[in-house]
Amino acid sequence: MAMMIAALTGVIAWRLMGLNDEVFESIPGMGAAFITHFVMNKIRSPEISPLGRYDWPDDRKTRAIAAALIIPFGAVEATYAISGPDVADSVSGPSGDWIVEANFGSEQLADGFEYVNDGETISINMHTDSIEDAEDINIVGVRATLTYSEDETSNGIGCNAPGASNSDPDTITSTMAHNEKNMTESGQNSDGPPSSHSVEVEWYDSSMIGNVSNVSRSQITMGLDSGGIGLGAYALDISVTVGTGGAIGCAHTDDGEDVEYLVELITLEYSIEPV
Numbered sequence: 004m005a006m007m008i009a010a011l012t013g014v015i016a017w018r019l020m021g022l023n024d025e026v027f028e029s030i031p032g033m034g035a036a037f038i039t040h041f042v043m044n045k046i047r048s049p050e051i052s053p054l055g056r057y058d059w060p061d062d063r064k065t066r067a068i069a070a071a072l073i074i075p076f077g078a079v080e081a082t083y084a085i086s087g088p089d090v091a092d093s094v095s096g097p098s099g100d101w102i103v104e105a106n107f108g109s110e111q112l113a114d115g116f117e118y119v120n121d122g123e124t125i126s127i128n129m130h131t132d133s134i135e136d137a138e139d140i141n142i143v144g145v146r147a148t149l150t151y152s153e154d155e156t157s158n159g160i161g162c163n164a165p166g167a168s169n170s171d172p173d174t175i176t177s178t179m180a181h182n183e184k185n186m187t188e189s190g191q192n193s194d195g196p197p198s199s200h201s202v203e204v205e206w207y208d209s210s211m212i213g214n215v216s217n218v219s220r221s222q223i224t225m226g227l228d229s230g231g232i233g234l235g236a237y238a239l240d241i242s243v244t245v246g247t248g249g250a251i252g253c254a255h256t257d258d259g260e261d262v263e264y265l266v267e268l269i270t271l272e273y274s275i276e277p278v
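Under this note's numbering, the first residue of the sequence shown is numbered 4, with each subsequent residue one higher.
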């Protein structure tokens with residue numbers, strides 16, 4: 004019982020002092036247990052060998068045994084201290100203040116044109132397999148940009164009246180999805196230059212960029228590194244709801260819209276420096 008209590012006390016004390024970052028706490032725990040055993044043996048029954056059936060070896064053998072035990076353990080601990088992870092880089096490193104610089108980029112996933120009829124929804128399916136070495140890219144989001152014009156036509160003598168031939172705007176809706184994450188945005192066209200809108204889905208923690216306080220390095224990494232979440236299938240749904248203008252003697256026709264789309268993966272590279 005005394006050995007168990009000593010071992011547990013040694014482990015707890017080693018952790019509280021923070022020394023387990025360099026030497027695993029089981030080593031001082033075992034040491035405390037053996038020391039307790041030898042001390043209790045010396046106090047209670049010194050006539051009995053603490054090694055049981057075996058007597059203490061002479062000094063020469065003792066030194067040889069000690070060297071055989073200490074040298075391998077010392078080599079292992081020295082190797083760990085030199086090449087092991089730094090405290091700030093460990094999985095549960097200490098909290099601190101950091102400057103995190105972020106560099107966002109993009110990788111084109113797909114582009115094209117689709118004619119979408121009134122009331123119709125088309126789906127465009129994509130996969131990161133189409134991008135070379137995608138598994139080496141930190142993908143933290145996806146953005147789809149849709150561009151469209153107005154192709155509504157009018158016909159009739161009444162179209163000469165002021166405003167009679169003006170088109171009513173159509174509503175173009177896009178839904179971008181990846182795994183369980185999705186987002187929907189809408190835009191409207193008009194007579195004149197093309198219109199556009201974007202829809203983005205992101206899965207990184209923007210609060211971990213800039214001056215970041217009271218968090219560990221590993222927490223920042225968890226917030227900014229996607230860990231492969233961005234790999235896999237993507238889907239873009241596009242739908243059109245037309246609006247048809249008109250006036251007396253001026254008939255309008257609008258069956259749908261020609262929509263151009265560009266889908267880009269949002270990439271992130273970052274650096275973490277202590278303040």
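Each residue gets a CB set at the ideal place from its N, CA and C atoms; glycine is no exception.
| Check | Outcome |
| --- | --- |
| CA-CA distance, residue 103 and residue 207? | 14 Å |
| Give a yes or no on contact between the segment 239-246 and the segment 114-125, applying the rule of three or more CB pairs nearer than 8 Å. | yes |
| Closest by CA to residue 230, which one among 271, 267, 191? | 271 |
| On a Cα-Cα basis, can you pick out the residue from 114, 176, 160 that is closest to residue 250? | 160 |
| For residue 201, tell me which candidate among 260, 267, 164 has the shortest Cα-Cα distance. | 267 |
| Which partner residues does residue 254 have in the DSSP bridge list? | 158 |
| For the beta strand (DSSP E) containing residue 144, name the first residue and the last one. | 142-151 |
| Thinking just about the alpha-carbon of each residue, which of 247, 214, 195 is nearest to the one in residue 258? | 247 |
| Please determine, among 261, 239, 255, 277, the residue with the shortest C-alpha to C-alpha distance to residue 147. | 239 |
| Taking only heavy atoms of the ligand GTP into account, decide whether any of them is closer than 6 Å to the Cβ of residue 160. | Among the components modelled here there is no ligand, and therefore nothing to report on the ligand GTP. |
| Between the alpha carbons of residue 224 and residue 191, how many angstroms are there, rounded? | 39 Å |
| CB-CB under 8 Å to residue 101, same chain, minus the five flanking residues each way: which ones, in chain order? | 214, 215, 216, 218, 220, 223, 275, 276, 277, 278 |
| Between the Cα of residue 124 and those of 198, 179, 197, 254, spot the shortest distance and give me the residue it belongs to. | 179 |
| How many angstroms separate the CA atom of residue 236 from the CA atom of residue 131? | 7 Å |
| Out of 211, 153, 164, point me to the one whose CA is closest to residue 171's CA. | 153 |
| Could you check which residue in 210, 113, 204, 150 has the C-alpha nearest to that of residue 129? | 113 |
| Name, in chain order, the residues that DSSP records as bridge partners for residue 240. | 126, 178 |
| On the CB-based measure, 16 or more other CB atoms within 10 Å of its CB, does residue 15 come out buried or exposed? | exposed |
| In three-state DSSP terms, what is residue 38? | helix |
| In the structure shown, what three-state DSSP assignment does residue 16 receive? | helix |
| Counting only the same chain and skipping the five closest in sequence on each side, list residues whose C-beta sits under 6 Å from that of residue 91. | For residue 91, the predicted structure reports a pLDDT of 43, less than 50, and the residue's modelled location is therefore unreliable. A value from the coordinates is still provided. Cβ neighbours of residue 91 beyond the five flanking positions: 220. |
| What does the Cβ neighbour count give for residue 135, buried or exposed, with the cut at 16 atoms within 10 Å? | exposed |
| Measure from the alpha carbon of residue 351 to the alpha carbon of each residue in 156, 263, 177, 151, then state which is nearest. | Since the first residue of the chain shown is 4 and the last is 278, residue 351 is not available in this structure. |
| Can you say whether residue 177 is buried or exposed, counting buried as having 16 or more other CB atoms within 10 angstroms of its CB? | buried |
| Apart from the five residues just before and just after residue 199, which ones in its own chain have a Cβ nearer than 8 Å to its Cβ? | 148, 149, 150, 151, 190 |
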